[in-house]
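Colleague: This is the structure I want to talk about, given as structure tokens.
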């Protein structure tokens, strides 16, 4: 079997540059007035205890979903790439059985794990009391950072699945697209966006433009994981992180991914800023709209007509 190459040097340099820029931006953002004003353990609209319980319920839902994924038989996923890809030539599989711990390796599930950690930590901190979320608390900064990193990520995941990946999969092969509508997949692609938008509507958390680099850093981290996964299994879950494509395409796809995550942060900050001066009804309506348009709870209408 031919040797599977590592990522091209130019791609490594691109991600290194994006990491440095994002980290410097994040470090500067931590000193901003916006971050100083946030209290991740409080709510303007519901009692603190209710906020804490809500967060722990969200964490429990995520944990149940993840445990279900680990102990149930996973789907066999068809792997497809762009015509210029060399993965098949290098011995990559066209079908991949995703089972056991490997079910937690896609971008969606890894981001779902982090979201569960956020809600568990935020829920516990809220119930313990303001002493753990004081101005000098490292936990406070960690909670603010986690939500700012994860909100745009889950926005991207849900909207990409709803409007691009799922319709495209059903159009190409309705049978192979069925894993998208399994309970675990539906929860990870739909409950996530509902949870983060409810969190923004009810808590005092905000998505801040000065922390935009956090979602980019998480994107870089997944790319690094994907490189190692490709070395071991000779496959990429997503065609846009396939580094066997021509170099210009590879650089363009990776840069586009990181830019989309940054734009997701900006979108989240716009929603936060636009609703911050209003009461609960406006926030709930905004959260409901952002959630509804990013959800997919059944196959696309065109695929149902074809059946």
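In this note's numbering, the protein residues as written are 695 to 1001. For glycine and all other residues, C-beta sits at the position ideal for the given N, C-alpha and C. Remember, predicted model here, so these are calculated numbers, not experimental data.
1) Identify whether residue 1000 lies in helix, strand or coil by the three-state DSSP scheme.
2) Answer with buried or exposed for residue 926, where buried requires no fewer than 16 other C-beta atoms within 10 angstroms of its C-beta.
3) If distances are taken between C-alpha atoms only, which option among 778, 758, 769 comes closest to residue 939?
4) Kindly list the residues whose CB is nearer than 8 Å to the CB of residue 710, restricted to its own chain and excluding five residues on each side of it in sequence; keep chain order.
5) Can you give me the C-alpha to C-alpha distance between residue 857 and residue 850, rounded to a whole angstrom?
6) State the CB to CB distance for the pair residue 886 and residue 984, rounded to an integer number of angstroms; the pair is presumed to be in contact (CB under 8 Å).
7) Have a look at 715, 977, 773, 749 and flag the residue whose alpha-carbon is nearest the alpha-carbon of residue 866.
8) Measuring CB to CB, does residue 963 end up less than 8 Å from residue 908?
9) In the DSSP assignment, what are the bridge partners of residue 770?
10) Taking contact to mean at least 3 C-beta pairs separated by less than 8 Å, is the region 720–729 in contact with the region 900–914?
11) Report the option in 976, 848, 978, 980 whose CA atom is closest to the CA atom of residue 955.
12) Are the Cβ atoms of residue 746 and residue 821 separated by less than 8 Å?
13) Out of 971, 961, 936, which one is the CA nearest neighbour of residue 705?
14) Within the same chain, show all residues whose beta-carbon is closer than 7 Å to that of residue 716, passing over the 5 residues directly before and after it, in chain order.
Modeller: So, to answer that:
1) With a pLDDT of 49 at residue 1000, under the threshold of 50, the modelled position of that residue is not reliable, and the figure given next carries that caveat. Helix at residue 1000.
2) When all chains shown are included, residue 926 counts as exposed.
3) 778
4) Closer than 8 Å at the Cβ level, and outside the excluded window around residue 710, lies no residue.
5) C-alpha of residue 857 to C-alpha of residue 850: approximately 10 Å in a straight line.
6) That pair is no contact at about 12 Å.
7) 773
8) no
9) 791
10) yes
11) 848
12) yes
13) 936
14) Exclusion of the five residues before and after residue 716 leaves 907, 910, 911 as the residues of its chain whose Cβ lies within less than 7 Å of its Cβ.
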